[in-house]
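2 protein chains.
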Amino acid sequence: MNALNITVSDKLYIKNPDETELGRKILSKSIELLNDLGYEHFTFKKVGLAIESTEASVYRYFQNKHQLLAFLINWYWGWLEVKMANEFIVLNTPEDKLRKAIELLVYPMDQDERIPHINENQLQHIVVSEYPKIYLTKEVDQENQEGYFLGYKRICDTLSLLALQINPDFKHPHSLFATVIEAAQSQQFFVEHLPRLSDAKKGQKDIVSFLTHMTIKTIQ
Amino acid sequence: MNALNITVSDKLYIKNPDETELGRKILSKSIELLNDLGYEHFTFKKVGLAIESTEASVYRYFQNKHQLLAFLINWYWGWLEVKMANEFIVLNTPEDKLRKAIELLVYPMDQDERIPHINENQLQHIVVSEYPKIYLTKEVDQENQEGYFLGYKRICDTLSLLALQINPDFKHPHSLFATVIEAAQSQQFFVEHLPRLSDAKKGQKDIVSFLTHMTIKTIQ
DNA sequence: TTCTAAATGATAGTATTACTATTATATTTG
DNA sequence: CAAATATAATAGTAATACTATCATTTAGAA
Numbered sequence: 027m028n029a030l031n032i033t034v035s036d037k038l039y040i041k042n043p044d045e046t047e048l049g050r051k052i053l054s055k056s057i058e059l060l061n062d063l064g065y066e067h068f069t070f071k072k073v074g075l076a077i078e079s080t081e082a083s084v085y086r087y088f089q090n091k092h093q094l095l096a097f098l099i100n101w102y103w104g105w106l107e108v109k110m111a112n113e114f115i116v117l118n119t120p121e122d123k124l125r126k127a128i129e130l131l132v133y134p135m136d137q138d139e140r141i142p143h144i145n146e147n148q149l150q151h152i153v154v155s156e157y158p159k160i161y162l163t164k165e166v167d168q169e170n171q172e173g174y175f176l177g178y179k180r181i182c183d184t185l186s187l188l189a190l191q192i193n194p195d196f197k198h199p200h201s202l203f204a205t206v207i208e209a210a211q212s213q214q215f216f217v218e219h220l221p222r223l224s225d226a227k228k229g230q231k232d233i234v235s236f237l238t239h240m241t242i243k244t245i246q
Numbered sequence: 027m028n029a030l031n032i033t034v035s036d037k038l039y040i041k042n043p044d045e046t047e048l049g050r051k052i053l054s055k056s057i058e059l060l061n062d063l064g065y066e067h068f069t070f071k072k073v074g075l076a077i078e079s080t081e082a083s084v085y086r087y088f089q090n091k092h093q094l095l096a097f098l099i100n101w102y103w104g105w106l107e108v109k110m111a112n113e114f115i116v117l118n119t120p121e122d123k124l125r126k127a128i129e130l131l132v133y134p135m136d137q138d139e140r141i142p143h144i145n146e147n148q149l150q151h152i153v154v155s156e157y158p159k160i161y162l163t164k165e166v167d168q169e170n171q172e173g174y175f176l177g178y179k180r181i182c183d184t185l186s187l188l189a190l191q192i193n194p195d196f197k198h199p200h201s202l203f204a205t206v207i208e209a210a211q212s213q214q215f216f217v218e219h220l221p222r223l224s225d226a227k228k229g230q231k232d233i234v235s236f237l238t239h240m241t242i243k244t245i246q
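Rendered as structure tokens:
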């Protein structure tokens with residue numbers, strides 16, 4: 027089991043960056059630069075320069091930086107889904123699975139050496155800092171049809187089914203897990219930057235225990 | 027009680043737009059254009075044109091569109107705080123107050139005729155669609171010091187105190203209400219654009235009942 | 001091996017954005 | 001009425017977000 031392929035909708039790129047050396051370099055350097063500069067200051071020109079290629083080459087893989095961000099974030103959800111599936115194998119109750127899922131959402135990721143061009147940890151930081159920007163746009167409806175948000179929706183569905191195993195009468199599973207997933211990101215951001223919006227001290231444990239408490243109580 | 031003044035930090039403008047005719051026109055038209063175009067397509071040039079003034083004039087009031095958005099969103103939180111305080115007068119239990127607060131977060135606002143240049147309903151839509159963009163930037167720490175997020179933090183504090191009245195041992199009041207406030211916004215957005223991320227059908231009632239349920243259960 | 005197609009590099013160019021600066025003309029205030 | 005202030009009109013700059021063209025390199029098929 028050496029090969030691992032995270033697949034994202036082919037509407038999320040012009041040319042599949044996983045399939046070429048240059049494409050993988052673009053992904054790798056984009057993750058680094060998005061982390062360092064933030065989405066607003068990130069440009070394709072800077073990527074081209076940093077990989078000693080050109081702006082035009084980057085534009086052959088992605089229409090614009092918005093599409094690139096959407097690609098990366100979908101890749102992240104796809105990868106998290108794989109991780110969850112792996113962890114769930116040895117867990118027997120839906121509650122244990124939910125607890126594990128929340129941990130995976132919050133705890134830092136270790137590098138997967140099968141995919142050396144993606145730094146999962148940096149990618150997680152990008153998700154924390156940039157995630158809502160991919161859907162909070164005027165183009166959301168069209169991009170939704172093109173599958174820009176499938177990764178997120180699938181995770182949300184998976185967790186919803188677990189909640190219904192615990193309480194089949196629970197009325198708000200999708201709303202709850204959309205909320206939990208967003209809170210997992212925003213609480214990480216708040217602890218770091220706006221600590222008055224969180225009770226968690228630095229470190230992920232407090233966030234996990236808040237989210238777990240809220241999830242379990244709400245389902246019941 | 028005819029005068030009503032929502033005050034925001036003076037770091038959120040160059041020149042106070044509430045104090046001049048032109049300033050109020052800028053606010054009024056910016057709210058309209060932000061709604062129509064979305065933050066990304068919104069520019070000061072378009073505002074200047076639409077009010078038959080100039081781009082340069084708009085720049086005399088706000089450093090850039092980011093500051094303008096932060097101003098508007100802080101104004102919204104300030105105004106919501108006033109609304110909550112008014113409603114709380116006739117409510118006696120903290121639980122009733124929390125229920126009311128959640129309703130105020132979600133139900134559409136009626137126009138306050140004391141402030142004719144601010145369309146509260148449009149402003150609420152801007153908050154739903156653009157809110158996280160004001161803090162998800164590399165400049166967040168500096169802007170936090172300048173009071174860019176005070177409005178949000180104060181609402182969060184107020185609601186936290188109510189939760190502690192219900193259960194003084196509750197460990198996560200700030201995290202909970204940061205989460206509830208964000209979910210109030212994002213669930214409104216999801217119902218409209220990404221319905222698979224919500225169980226609420228169109229209309230705000232389902233969102234309110236989800237958020238209320240989650241809040242009450244989590245506090246206990 | 002050679003031919004062909006595809007990928008990349010190098011370069012140029014355009015429209016728009018996000019400002020800054022200057023000067024002239026109103027308008028307000030003391 | 002003078003002085004200060006606000007606004008309008010205009011110009012200009014650097015960066016961004018692309019698009020286009022053509023030459024060169026590389027890879028794959030015949």
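Line by line, the protein sequences are chains A and B.
Note that my numbering has the first sequence beginning at 27, numbered continuously upward.
Note that my numbering has the second sequence beginning at 27, numbered continuously upward.
All C-beta atoms in this analysis are idealised placements derived from N, C-alpha and C, irrespective of residue type, glycine included.
Small disclaimer: the values here were computed from a predicted structure and weren't measured.
So is the beta-carbon of residue i under 7 angstroms away from any non-hydrogen atom of the ligand ADP?
i: N170(A); result: The ligand ADP is not among the ligands present in this structure, which contains no ligands whatsoever.
Could you spell out where the alpha helix (DSSP H) holding residue i opens and where it closes?
i: V132(A); result: 120 to 132
i: I115(B); result: Element bounds for I115(B): n/a, residue is neither H nor E.
i: E47(B); result: 47 to 63
i: R86(B); result: 81 to 87
i: A189(A); result: 176 to 192
i: L229(B); result: First, the amino acid is wrong: residue 229(B) is Gly here, not Leu. Premise fails: G229(B) is in no alpha helix (DSSP H) and is neither H nor E.
i: E218(A); result: 199 to 219
i: L149(B); result: 146 to 156
i: N170(B); result: 166 to 171
i: K41(B); result: Unbroken run through K41(B): none, as it is neither H nor E.
i: V275(A); result: Residue 275(A) lies beyond the range of chain A shown here (27 to 246); nothing can be said about it.
Please tell me whether residue i has its Cβ less than 8 angstroms away from any Cβ of chain B.
i: Y102(A); result: no
i: G177(A); result: no
i: E156(A); result: yes
i: M27(A); result: Here M27(A) scores only 37 on pLDDT, less than 50, and its place in the model should not be relied on; the value that follows carries that caveat. So, not an interface residue.
i: S56(A); result: no
i: N193(A); result: no
Along chain B, which residues have their Cβ under 8 angstroms away from the Cβ of residue i?
i: Y161(A); result: F215, H219, L220
i: P212(A); result: As written in the sequence, residue 212(A) is Ser, which differs from the Pro given in the question. Correct list: P158, A204, T205, E208.
Any beta-carbon of chain A closer than 8 angstroms to the one on residue i?
i: G64(B); result: yes
i: E208(B); result: yes
i: K227(B); result: no
i: D167(B); result: yes
i: K109(B); result: no
i: K72(B); result: no
i: P142(B); result: no
i: K164(B); result: yes
i: N90(B); result: no
i: N170(B); result: yes
Run through chain A and tell me which residues come within less than 8 angstroms of residue i, C-beta to C-beta.
i: L202(B); result: F236, M240
i: H67(B); result: K164
Anything in chain B within Cβ reach of residue i, meaning under 9 angstroms, just list it in chain order.
i: Q246(A); result: K243
Under 9 angstroms between beta-carbons, which chain A residues line up against residue i? List them in chain order, please.
i: K197(B); result: D225, D232, S235, F236, H239
Which residues in chain A have a C-beta closer than 7 angstroms to the C-beta of residue i? List them in chain order.
i: N42(B); result: What N42(B) touches in chain A: nothing, since even the nearest Cβ is about 25 angstroms away.
Original post:
Touching or not, the region 89 to 97 of chain A and the region 151 to 168 of chain A, by the rule of three or more beta carbon pairs under 8 angstroms?
Top reply: Three or more Cβ pairs drawn from the region 89 to 97 of chain A and the region 151 to 168 of chain A lie within less than 8 angstroms of each other, which places the two stretches in contact.
Original post:
Can you list, in chain order, the residues of the region 114 to 128 of chain A whose Cβ is nearer than 8 angstroms to any Cβ on chain B?
Top reply: Within the region 114 to 128 of chain A, contact with chain B at the beta-carbon level (separation under 8 angstroms) is assigned to no residue.
**OP:** Could you tell me whether the region 202 to 218 of chain A touches the region 230 to 242 of chain A, using the rule of 3 or more Cβ pairs below 8 angstroms?
**Re:** Contact holds between the region 202 to 218 of chain A and the region 230 to 242 of chain A, because three or more Cβ pairs, one in each stretch, are under 8 angstroms apart.
Original post:
Pairing CB atoms from the region 114 to 129 of chain B with CB atoms from the region 176 to 192 of chain A, are three or more of them under 8 angstroms?
Top reply: At 8 angstroms Cβ cutoff, the stretches do not touch.
Subject >> Stretch pair the region 199 to 216 of chain B + the region 200 to 213 of chain A: three plus CB contacts closer than 8 angstroms >> reply: Short answer: they touch.
Subject >> Three-pair Cβ contact test at 8 angstroms for the region 186 to 193 of chain A versus the region 102 to 121 of chain A >> reply: Touching, yes.
Original post:
With contact counted as at least three CB pairs below 8 angstroms, one residue from each stretch, are the region 51 to 67 of chain A and the region 137 to 151 of chain A in contact?
Top reply: Taking a cut-off of 8 angstroms for Cβ pairs, the region 51 to 67 of chain A and the region 137 to 151 of chain A touch, as three or more such pairs fall below it.
**OP:** Would you check if the region 30 to 45 of chain B and the region 191 to 198 of chain A touch, i.e. whether three or more CB-CB distances between them fall below 8 angstroms?
**Re:** With the rule of 3 Cβ pairs closer than 8 angstroms, the region 191 to 198 of chain A does not count as touching the region 30 to 45 of chain B.
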